Structures are given as structure tokens and as C-alpha cells.
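Those protein sequence lines, which keep their order, are chains A and B. Numbered per this note's numbering, the first sequence spans residues 1 to 67. Numbered per this note's numbering, the second sequence spans residues 1 to 135. Just so it is clear, CB atoms sit at the ideal spot from N, CA and C, and this is done for glycine as well. All of these numbers come straight from a predicted model, not from anything done at the bench. Take a look at the structure below.
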Amino acid sequence: MTNRIKEFRARHNITQEELAQKVNVRRETIVFLEKNKYNPSLKLAHDLAVVFKISIEDLFLFDDEIK
Amino acid sequence: MKKSLLVFIVAGLLILGVVIWITTSSTILKEVDFLHLGIITALIAFAIFFGIKRFKSEKRKEPVEDEMSKKIVQKTAAISYYFSLYLWVFIIFIKDRISIKMDTEEWIGTGILGMSIFFAITWVFFYFKGIKNDE
């Protein structure tokens with residue numbers, strides 16, 4: 001599974017720290033998410049999608065979708 | 001503030017314990033004692049690093065713990081427990097086969113310190129490697 005958090009964060013012009021505060025996690029968690037080293041819970045995935053005003057499917061790409 | 005302070009209190013108690021141990025010890029420290037001291041020093045350094053990390057998070061008004069950090073601790077606990085079982089088996093095997101003579105308390109102390117070291121190493125590993133649910 002990969003994600004487009006970095007891309008959408010750049011589009012919305014917000015820093016990792018600001019995004020972390022919006023979804024109530026540590027900045028490190030955002031760093032790990034952007035590096036694809038951590039798969040978030042459904043709740044965090046939902047919160048991130050809400051911040052970027054997109055659906056979870058647009059933010060997270062599953063391996064079978066990439067192929 | 002309370003949570004990061006707790007880590008420093010535990011580290012402080014550990015230092016105090018070591019100081020009391022050294023000052024009240026009537027015999028000269030043996031090789032094993034120096035090994036224990038080295039491990040305890042490494043653990044204190046780890047605790048201070050952990051405390052500073054938490055303190056910085058609080059300063060940035062971030063949560064001290066979130067879902068990823070909790071998951072890292074859970075996985076660390078599980079893996080280090082698994083390795084600790086092998087450590088105790090190894091200690092039981094080796095205790096009568098080495099030239100250094102240690103009493104039961106010293107072996108138990110070595111085992112407990114070994115478990116702590118396993119925990120610290122495993123935590124550092126997952127902290128830098130990350131955790132994926134699909135692994």
C-alpha cells in the first residue's frame with residue numbers, strides 16, 4: 001500500500017507539523033506515513049482524507065490498484 | 001509534562017540505586033559488576049533519550065503517544081519477550097559451563113538486564129524501520 005499524503009500536503013501547502021496537529025498525531029507518524037513505513041489505522045486514514053477533503057481511496061493506493 | 005517527567009524520575013531512581021549499590025558494597029567490584037554497570041549506564045542513556053523525545057513532543061504540543069508509537073511499543077514488547085525466553089534458556093545452559101562464578105542473584109540480575117537490552121534494541125529497530133500492518 002502506498003499513499004499520496006506528501007503530494008496532497010504540498011498541494012494544500014501545509015507542513016508535516018501542521019498536518020500532525022490537525023489529525024492529532026506526532027510529526028514522526030506523518031514522516032513514517034510519507035515514507036510508506038507505516039500503515040495508518042482506518043480512523044487516521046479517515047482523518048487525513050477529511051483534512052485534504054478527498055476520499056480514502058484517493059489518498060491511499062493499494063497494490064492491486066497500482067498494477 | 002507528567003509522562004515525560006515520569007521517565008526522568010525512573011532514570012533518577014536507577015542512578016540513585018547504582019550509587020547506593022557502589023557506596024555500600026563492601027567488596028571490590030568484580031568483572032560481572034562492571035558488565036552490569038555498563039548495561040545499566042546504556043539503559044539510563046536510553047531512558048534519558050526517551051524522556052527528551054517525549055519532552056520535545058510536549059513542547060511542540062503534540063501528543064506524547066499516538067497510534068504509531070503505541071504500536072511500536074506493543075510489537076517491541078512481543079518480540080523482546082520472545083527473545084528473552086531464549087536468553088533465559090541460554091543462561092540456564094551456560095551458568096555451569098563458564099569459569100566465572102556467579103550466585104543466583106547475579107544470574108537473575110544478568111537475565112533482567114539482558115531482557116532490558118533486548119527491549120531497547122528491538123525498540124530502536126522498529127523505531128527506524130517502521131511498522132506495516134501487512135507484514
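Same chain, Cβ closer than 6 angstroms to residue i, five either side skipped, listed in chain order
i, result
"Leu-14/B", "Ile-44"
"Ile-30/A", "Gln-16, Leu-19, Ala-20"
Burial state of residue i, where buried means 16 or more other Cβ atoms lie within 10 Å
i, result
"Ala-137/B", "Lying outside 1 to 135, the shown extent of chain B, residue 137/B is not represented and no answer is given."
"Leu-33/A", "buried"
"Val-7/B", "buried"
"Asn-3/A", "buried"
"Thr-27/B", "exposed"
"His-36/B", "buried"
"Arg-97/B", "exposed"
Cβ neighbours of residue i in the same chain (closer than 8 angstroms, five flanking residues each side left out)
i, result
"Val-10/B", "Ala-47"
"Asn-45/A", "Note that residue 45/A is Ala in the sequence shown, not Asn. So the qualifying residues of the chain are Ile-56, Leu-59, Phe-60."
"Asn-39/A", "Met-1"
"Ala-42/B", "Ile-117, Ala-120"
"Ile-40/B", "Leu-14, Val-18, Leu-113"
Sheet register partners of residue i (DSSP bridge)
i, result
"Asn-3/A", "Phe-60/A"
"Ile-131/B", "Tyr-38/A"
Expected contact under 8 angstroms - CB spacing of residue i and residue j to nearest Å
i, j, result
"Ile-131/B", "Ile-72/B", "6 angstroms"
"Met-115/B", "Ser-84/B", "5 angstroms"
"Phe-126/B", "Lys-75/B", "6 angstroms"
"Ser-4/B", "Arg-54/B", "4 angstroms"
Beta-carbon contacts of residue i that lie in its chain and below 7 angstroms, excluding the five residues immediately before and after
i, result
"Phe-50/B", "Val-7"
Inset, instruction - For the stretch 81-93 of chain B and the stretch 53-65 of chain A, state whether three or more C-beta atom pairs, one from each stretch, are separated by less than 8 angstroms. - result: No, the stretch 81-93 of chain B is not in contact with the stretch 53-65 of chain A.
Inset, instruction - Could you tell me whether the stretch 104-113 of chain B touches the stretch 17-32 of chain A, using the rule of 3 or more Cβ pairs below 8 angstroms? - result: Per the Cβ contact rule, the stretch 104-113 of chain B is not in contact with the stretch 17-32 of chain A (fewer than 3 Cβ pairs under 8 angstroms).
Inset, instruction - Would you check if the stretch 3-16 of chain A and the stretch 49-61 of chain A touch, i.e. whether three or more CB-CB distances between them fall below 8 angstroms? - result: With three or more CB-CB distances shorter than 8 angstroms, the stretch 49-61 of chain A counts as touching the stretch 3-16 of chain A.
Legend entry - Given 8 angstroms, three or more beta-carbon pairs between the stretch 21-40 of chain A and the stretch 54-71 of chain B: At 8 angstroms Cβ cutoff, the stretches touch.
Inset, instruction - Assess, as a yes-or-no matter, whether the stretch 78-85 of chain B is touched by the stretch 119-126 of chain B under the definition of 3 or more beta carbon pairs within less than 8 angstroms. - result: Yes, they touch.
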